[in-house]
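Notes for the one structure printed next.
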Ligand code: ADP
Ligand code: MG
């Protein structure tokens, strides 16, 4: 047989391994979830391939995951009948990191030292080294028909590959973990059983665990029966009866137990979304969400629905409990929507077609009966069914978020807003059709709410507005303090008007795109044409003052020249003598600042 070939780890993998081996101690047990999830991905792949070409199943039709612990050898073996890997695939995937995000993962890790985060970063395989000194991967793919053995030790900077002499795998992958001396607890099937329950219950393939079972049986206790017979005969004799007249006594029974080892399925692998929403409990949704999306806190909201009629599909959508660590990456390509066709997993790369950009933070599954199994991006983009599905997903997502906003416990929406508020603002800009349902979800800080009291909705603003007030006032600024100190605001606030403080760049764009809310115009207080709902008297006073100071304003304009467009008298100030405002049609001061920052 061939000599093993040695390969160096890519530098990034090397650093990652170093971190995993030397400094992650909490939540080490996530290794099982990661390896089971890889096995499940590999099974999804072969199932999809076999649907297009049944030849793929010539190496067996059983699709399952088997886990076996060996106390004596101090090992755990995780085996699947999935696609397996060719030699090239082994080199390309175990030892190299294809995706970006590792740097962010390392940062997050250094801070939290919590292995639980690993799955979010596409490097789950290496979690094996949380508990193992040495990892062996035997694998066989239909593509090259050879069984390969990949091996590496924790702390080594290299791995080896050779042809596996055992040649005992029809198709799929077997991962053997040689446990570290301080990780022997994982060679106990009871421990593994509880980890599967905790992390992998909703994997949609059977997970079988090799367990010792004790079987008990009722058998005749010969000894006790014989003794009973003798006693019966003695009793008969004592009573003067003849021995021959004694009947045979009832056989005495006893329970015997014997140990047996066998595979036992650990999960109910029927997809959760095909069940009726009424029959699913909250903790099942929570567990499903965590398992499927490698999340570790409960979702803030769940929507589970089955659509019937012209198109048929089931879906389960979730609002995550927190923002992902690398939100930038997830915005570009989130892989948050898993598409199934008739329960067969197709891909998680179609989320851009199924969800608009501003809802890319929603995670979920969609299972359609109306799409072809060989569905591709081209098919999706042209497809009427997809458009209908997308419209439903958007509507259900907004309903779900509105539901969180309506909850009695205000902390929940506050948490949502903190993580995902900017997506809702983006929605107000991008999605004209749904702007009406998105606008009530917006939150802003406001002159009427103390900073520590949080934010206000537009509806709350409207409830508080002055009698006769027909506009909603806002000012865009860098910070709340900056807005408060602004002379633009002082007169309005002193007259009892409320001013919203827009402190994020996107706020202003969102508000300008919306133009109005519940019939009230949204008005920037830094604009020259700011028209307060003033009385006739006020207007007359302003007019006469303008007349009176004509000479002065003309003089100031002459001094400032081209630096200003015009100089006029205003009623908007109380304490400050003068203010520079943006013209009606130009950029606001805040936008100018943003644009300047971008061109620099
Ligand atoms: P991810 O699962 O996010 O891709 P991992 O580090 O968990 O990242 O796995 C890396 C890659 O290794 C997978 O994408 C897959 O190509 C390959 N792989 C890992 N485990 C298996 C397996 N059991 N069967 C087939 N391929 C696997
Ligand atoms: Mg993985």
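Residue numbers (the UniProt record's numbering): 62 to 661. All C-beta atoms in this analysis are idealised placements derived from N, C-alpha and C, irrespective of residue type, glycine included. In this text the structure is predicted, and so the values were computed from the model without any measurement.
What are the start and end residues of each continuous alpha helix (DSSP H) run of 4 or more residues lying completely inside the segment 492-578, in chain order? Runs found: 496-499, 519-525, 541-545, 548-555 and 566-575.
Quick check on residue 233: buried or exposed, where buried means 16 or more other Cβ atoms within 10 Å of its Cβ? With 16 or more Cβ atoms within 10 Å of its Cβ, residue 233 is classed as buried.
Which runs of the alpha helix (DSSP H), 4 residues or longer, sit entirely within the segment 252-329? Residue ranges of uninterrupted alpha helix (DSSP H) with 4 or more members, entirely inside the segment 252-329 and ordered along the chain, are 283-299.
For the ligand MG, is there a heavy atom less than 8 angstroms away from the beta-carbon of residue 488? Set against 8 angstroms, the gap from the CB of residue 488 to the closest heavy atom of the ligand MG is not smaller.
Sufficient close CB pairs (3 or more, under 8 angstroms) joining the segment 169-186 to the segment 199-212: With the rule of 3 Cβ pairs closer than 8 angstroms, the segment 169-186 does not count as touching the segment 199-212.
Where the beta strand (DSSP E) through residue 69 begins and ends: For residue 69, the uninterrupted beta strand (DSSP E) run begins and ends at 66-69, by DSSP.
Suppose contacts are defined by Cβ-Cβ distances below 9 angstroms. Is residue 664 in contact with residue 214 by that definition? The shown model of the chain, from 62 to 661, leaves out residue 664, and the question about it has no answer.
Can the beta-carbon of residue 185 be found closer than 9 angstroms to that of residue 99? Taking 9 angstroms as the Cβ cut-off, residue 185 and residue 99 qualify as a contacting pair.
Does the ligand ADP have a heavy atom nearer than 8 angstroms to the CB of residue 357? Every heavy atom of the ligand ADP is 8 angstroms or more from the Cβ of residue 357, so no.
How do the segment 359-374 and the segment 285-299 stand: do at least 3 beta-carbon pairs fall below 8 angstroms, yes or no? At 8 angstroms Cβ cutoff, the stretches do not touch.
DSSP state of residue 436, grouped into three classes? Coil, per DSSP.
Please classify residue 225 as buried or exposed, where buried requires at least 16 other C-beta atoms within 10 Å of its C-beta. The residue is buried, with at least 16 neighbouring Cβ atoms inside 10 Å.
Below 8 angstroms CB to CB, which residues in the same chain sit around residue 151 once its five sequence neighbours on both sides are set aside? 198, 200, 209, 211 and 222.
Bridge partners for residue 374 per DSSP, in chain order? Listed as beta-bridge partners of residue 374 by DSSP are 368 and 429.
At least 3 beta-carbon pairs within less than 8 angstroms: the segment 123-140 vs the segment 65-85: By the criterion of at least three beta-carbon pairs nearer than 8 angstroms, the segment 123-140 is not in contact with the segment 65-85.
Between the Cα of residue 168 and those of 405, 242 and 386, spot the shortest distance and give me the residue it belongs to. Minimum Cα distance to residue 168 is reached at 386.
Pick helix, strand or coil for residue 228, following the three-state DSSP scheme. Of the three classes helix, strand and coil, the one that applies to residue 228 here is coil, per DSSP.
Consult DSSP for residue 157 and reduce its assignment to one of helix, strand or coil. Correct three-state label for residue 157: coil.
Same chain only: Cβ atoms within 7 angstroms of residue 496, ignoring 5 sequence neighbours per side: Correct list, in chain order: 489 and 575.
The beta strand (DSSP E) that contains residue 584, what's its start and end? Looking at the DSSP string, the run of the beta strand (DSSP E) that includes residue 584 is 581-585.
Please report how far the alpha carbon of residue 191 lies from the alpha carbon of residue 424, in whole angstroms. Roughly 28 angstroms separates the two Cα atoms.
Checking the sheet assignment: what are the DSSP bridge partners for residue 401? Under the DSSP definition of a beta bridge, residue 401 partners with 406 and 428.
Just reading off the beta strand (DSSP E) that residue 195 is part of, what are its end residues? According to the DSSP assignment, residue 195 belongs to the beta strand (DSSP E) that extends over 193-201.
Inter-residue spacing [alpha-carbon to alpha-carbon] between residue 568 and residue 531: Going from the Cα of residue 568 to the Cα of residue 531 covers about 21 angstroms.
Any heavy atom of the ligand MG within less than 5 angstroms of residue CB: hits in chain order: One residue after another in chain order, those with a Cβ under 5 angstroms from a heavy atom of the ligand MG are 99 and 185.
Does residue 236 come out as helix, strand or coil in the three-state DSSP assignment? If DSSP states are grouped into helix, strand and coil, residue 236 belongs with the strands.
To which residues of the same chain is residue 218 closer than 7 angstroms at the C-beta, ignoring the five residues directly before and after it? Around residue 218: 69, 70 and 75.
What's the C-alpha gap between residue 346 and residue 542? Between residue 346 and residue 542, the C-alpha separation is close to 42 angstroms.
Going by alpha carbons, who is nearest to residue 366 out of 494, 572 and 341? Among 494, 572 and 341, the Cα nearest to that of residue 366 is on 341.
In whole angstroms, give me the CA-to-CA distance for residue 77 and residue 354. Taking the straight line from one Cα to the other gives about 22 angstroms.
Per-residue DSSP class, three states only, for residue 462: For residue 462, the three-state secondary structure derived from DSSP is helix.
Segment contact flag, the segment 411-427 with the segment 504-514, C-beta cutoff 8 angstroms, min 3 pairs: Of all C-beta pairs linking the segment 411-427 to the segment 504-514, fewer than three are shorter than 8 angstroms, placing the two stretches out of contact.
With DSSP as the reference, label residue 97 as helix, strand or coil. It is helical.
For residue 628, which residues of its own chain have a beta-carbon under 6 angstroms away from its beta-carbon, when the five flanking residues on both sides are left out? Taking residue 628 as the centre and dropping the five residues before and after it, the same chain places the C-beta of 614, 617 and 618 closer than 6 angstroms to its C-beta, in chain order.
In this structure, what does DSSP give as the bridge partners for residue 588? 643, per the DSSP bridge assignment.
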